[in-house]
Each structure stands twice: as structure tokens, then as C-alpha cells.
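Numbering (the numbering used here), first residue to last: 6 to 255.
By construction, the Cβ of each residue, glycine as well, lies at the ideal position given by its N, Cα and C atoms.
These notes are about the structure you will find just below.
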């Protein structure tokens with residue numbers, strides 16, 4: 006069951022990824038793009054981006070790591086040694102890269118999901134949201150042999166709590182549609198509200214739909230007001246669609 010009034014959403018457009026993503030396949034975002042997207046605080050990764058482009062959450066001093074994309078199958082031994090040295094020294098971004106290398110078997114690393122998890126947990130404990138989401142996906146995917154919903158929920162929620170509106174919205178939809186997490190209406194509604202409070206327009210629209218179907222006029226009024234505030238903010242930031250909506254209303 007889903008929250009009444011909720012509509013389907015592209016839950017695969019999430020910073021989490023499953024077995025397909027670990028292989029960089031077509032079933033969803035590749036591991037590297039997903040991690041890089043969260044690392045920079047966004048939803049979709051830029052095509053030119055990859056892991057190795059900055060600090061734990063896209064902030065702070067930038068390290069010169071090799072850029073790894075979904076198409077990467079091998080890096081040089083020199084680059085591997087450099088990443089390993091930084092990771093061993095506690096660099097969360099390097100630890101994330103080590104996790105990706107072992108998760109996908111990018112040479113000279115070998116495919117080893119347990120080794121990947123070891124590095125990812127070190128990175129996540131260092132505050133890297135990309136690693137948190139990656140762990141959540143690994144623990145939430147039955148095909149990887151590491152299924153543990155308790156850990157999946159822990160890491161996904163920890164990442165979303167400090168993440169963008171898009172991450173909160175993606176987590177809500179994961180709960181709505183049981184995408185690598187158990188279906189949970191209460192948690193879905195909670196994260197929809199978190200995303201909406203952060204200004205996510207789709208989350209706000211879903212809440213309006215939910216409360217309209219429930220006949221809760223007070224909540225509908227509240228979220229419609231929040232929608233207007235969110236549109237004004239987006240318009241002020243130059244969003245063309247929001248600018249048009251504001252122009253049309255006023």
C-alpha cells in the first residue's frame with residue numbers, strides 16, 4: 006500500500022543503486038555517478054563528473070584523484086596506490102573510491118563486495134553521504150548477498166537527514182514503492198514532508214494530493230501556501246518554470 010493520493014515517481018532516479026548500478030549497467034545509475042551525485046549534494050550526476058572530484062560532500066580542499074565513471078574498468082597501479090594511501094590515511098573521498106573499485110571490480114582491484122563495504126563504512130563514518138547511500142543500496146539489494154534492511158534504513162536515513170531535498174524525496178519514494186527498502190507509509194509521509202519543507206516541488210504536490218484525497222482542508226491550504234513560497238524562491242533563483250508560474254499567478 007502507498008500513502009493515499011501518492012503518485013508514481015522515478016524511484017530509480019535515486020542516489021542509491023543496486024546490483025545493476027554496481028556493474029555500471031543500464032538498469033539504473035552506475036555506482037560512480039550515484040556516489041558522485043550525492044557527494045556533490047545533487048540528485049543526478051553530471052555526465053562529466055565522477056568520483057574523485059572533491060571532499061566528502063563536495064566541499065573543502067579538492068584532492069587530485071583520477072575521475073572514475075561508469076565506463077571505467079581499469080586504473081593504473083600508480084593511481085590505485087595513491088588512492089589506497091589517501092584512504093588508509095582517513096580521507097573519506099578516497100575511501101569511497103576504494104569502495105567503488107572493489108564493488109565493481111575495477112582493476113587492479115578485484116570484485117569483492119565485503120571489501121567494498123569495509124571501505125564504504127569507513128567513508129560513511131567520515132561523513133560521506135555518497136558512501137552512506139551506497140551502503141544503503143548494497144544492504145537493500147537482495148541480489149548482492151548482503152541484505153540487511155536495518156542497516157539499509159540506517160544509512161539511507163542518515164544520508165537523507167543531512168542531504169538535499171532531492172535525496173529526501175528519493176528516500177520517501179523508496180518507502181512508498183518498496184525500492185530497496187521495506188514499504189512504510191509512515192516513513193514515506195515523514196520524508197515527503199522533509200523534502201517538501203526543503204522546497205522540493207514534487208514532494209509538495211504529492212502532499213497536496215494526499216491531503217486532498219483525505220479531505221484535510223487545513224493541510225491542503227498549508228501545503229499550497231508552501232508551494233507558493235517554494236515557487237517564489239525558485240523564481241528568485243532564476244528557474245524558468247517557476248518564473249512563469251509566478252508571472253501567471255501575479
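*Ignoring anything shorter than 4 residues or poking outside the stretch 180-241, list the alpha helix (DSSP H) runs there in chain order.*
Counting only unbroken stretches of 4 or more residues, the alpha helix (DSSP H) elements lying wholly within the stretch 180-241 are 190-202, 206-219 and 222-241, in sequence order.
_Close Cβ partners of residue 53 (< 6 Å) along its chain, the five nearest in sequence each way excluded_ = Caution applies to residue 53, whose pLDDT of 32 falls short of 50 and renders its modelled position unreliable; the model cannot decide the point.
*In this structure, does DSSP put residue 80 in helix, strand or coil?*
Three-state DSSP puts residue 80 in coil, outside helix and strand.
*Just reading off the alpha helix (DSSP H) that residue 134 is part of, what are its end residues?*
Per DSSP, residue 134 belongs to the alpha helix (DSSP H) from 134-145.
*What's the gap between the Cα of residue 78 and the Cα of residue 205?*
Distance between the alpha carbons of residue 78 and residue 205 is about 36 Å.
_Cβ-based burial, residue 241 [other Cβ within 10 Å; buried from 16]_ = Residue 241 comes out exposed.
*Whose C-beta lies closer than 8 Å to the C-beta of residue 122 among residues of the same chain, with five residues either side of it excluded?*
Exclusion of the five residues before and after residue 122 leaves 104, 140, 143 and 151 as the residues of its chain whose Cβ lies within less than 8 Å of its Cβ.
*Is the stretch 175-194 touching the stretch 223-231 in the sense that three or more CB pairs, one from each, lie closer than 8 Å?*
Flag = no, the stretch 223-231 and the stretch 175-194 do not touch.
*Quickly, what does DSSP pair residue 130 with across the bridge? List them, please.*
DSSP output for residue 130 lists no bridge partner at all.
*Helix or strand or just coil, what does DSSP make of residue 119?*
It is helical.
*Taking all protein chains shown into account, decide if residue 167 is buried (16 or more other Cβ within 10 angstroms of its Cβ) or exposed.*
With fewer than 16 other Cβ atoms inside 10 Å of its own Cβ, residue 167 counts as exposed.
_residue 85 versus residue 113 - alpha carbon distance_ = Straight-line Cα distance between these residues: approximately 7 Å.
*Which stretch, first to last residue, makes up the alpha helix (DSSP H) that contains residue 111?*
Residue 111 -> no alpha helix (DSSP H), and no H or E assigned at all.
*asked:* For residue 90, tell me which candidate among 68, 132, 109 and 149 has the shortest Cα-Cα distance.
replied: Selected option, being the one with the closest Cα: 68.
*residue 163: first and last residue of the uninterrupted alpha helix (DSSP H) it sits in*: Residue 163 -> alpha helix (DSSP H) spans 154-166.
*In whole angstroms, what separates the C-alpha of residue 213 from that of residue 222?*
The alpha-carbon atoms of residue 213 and residue 222 are separated by roughly 10 Å.
*Please name the residue in 107, 161 and 130 whose C-alpha comes closest to that of residue 119.*
Of the residues 107, 161 and 130, the one whose Cα lies closest to the Cα of residue 119 is 107.
*With distances taken between CB atoms, is the gap from residue 174 to residue 208 smaller than 7 Å?*
Yes, they are a contact pair.
*Inspect the beta-carbon positions of residue 161 and residue 149 and report whether they are closer than 7 Å.*
Between residue 161 and residue 149, the C-beta spacing is not below 7 Å.
*Could you give the distance in angstroms between the alpha-carbon of residue 76 and the alpha-carbon of residue 182?*
A straight line joining the alpha-carbon of residue 76 with that of residue 182 spans about 29 Å.
*Run the CB neighbour count on residue 165, radius 10 Å, all protein chains shown included, and call it buried at 16 or more, exposed below.*
The residue in question, residue 165, is buried, as its Cβ has 16 or more Cβ neighbours within 10 Å.
*DSSP three-state assignment for residue 103, whether helix, strand or coil*: The DSSP-derived three-state label of residue 103 is helix.
*Straight-line CA distance for residue 28 to residue 109?*
Because residue 28 carries a pLDDT of 44, less than 50, the predicted location of this residue cannot be relied on, and no value is offered for it.
_Whole-angstrom distance between residue 147 and residue 326, CA atom to CA atom_ = Residue 326 is absent from the structure shown; the chain starts at 6 and stops at 255.
_Taking the alpha carbon of residue 115 as the reference point, which residue from 203, 80 and 138 has its own alpha carbon closest?_
Closest option to residue 115, Cα to Cα, is 80.
_Less than 7 Å between the beta carbons of residue 97 and residue 133, yes or no?_
Judged by their CB atoms, residue 97 and residue 133 are nearer to each other than the 7 Å cut-off.
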